[in-house]
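In what follows, a single structure is set out as structure tokens and then discussed.
In the working numbering, the protein residues as written are 192 to 324.
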């Protein structure tokens, strides 16, 4: 369902010129490693996808290198669960508000942090490096 409906619908909203320069990264979850997903990625992002089984490998268990892990999920969780969630509609509204709170300046800071984090990983030969950040 995700591959055929959600992802393709999401990508339909992105201009073709932008998609042609995009790289795709997945987190290595079993659902992302299945043959149909890897085949789709090979077809849509030939040589331009990062993850388990892909043309560019990504270190396993590396949340300090992945912006979703080192920034987004914590940011959203902090905002959404600041107060007790009372209903499903309340949860959806909070998630929407938290997602829209992510502004270009925040994203720029996250992108700026990636090379420093990657270098710290390399300096530690792929070992723990969080203490260097």
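Idealized CB from N, CA, C, for every residue including glycine.
query	result
Identify the residues that DSSP records as bridge partners of residue 210: which are they?	Per DSSP, none; premise fails for residue 210.
In the structure shown, what three-state DSSP assignment does residue 262 receive?	helix
CA-CA distance, residue 296 and residue 304?	13 Å
What does the Cβ neighbour count give for residue 214, buried or exposed, with the cut at 16 atoms within 10 Å?	exposed
Would you call residue 201 buried or exposed, if buried means 16 or more other Cβ atoms sit within 10 Å of its Cβ?	exposed
Give the DSSP bridge partners of residue 216, in chain order.	241
How big is the Cα-Cα spacing for residue 225 and residue 219?	10 Å
When the Cβ atoms of the segment 283 to 303 are set against those of the segment 258 to 270, are three or more pairs found closer than 8 Å?	yes
By the three-class DSSP mapping on this structure, what secondary structure does residue 247 have?	strand
By alpha-carbon positions, which one of 217, 237, 227 ends up nearest to residue 251?	217
So, is residue 290 buried or exposed, given that buried needs 16 or more other C-beta atoms within 10 angstroms?	exposed
If we call anything under 7 Å between Cβ atoms a contact, is residue 308 one with residue 263?	no
Quick check: the Cα distance between residue 247 and residue 322, rounded to an integer number of angstroms?	26 Å
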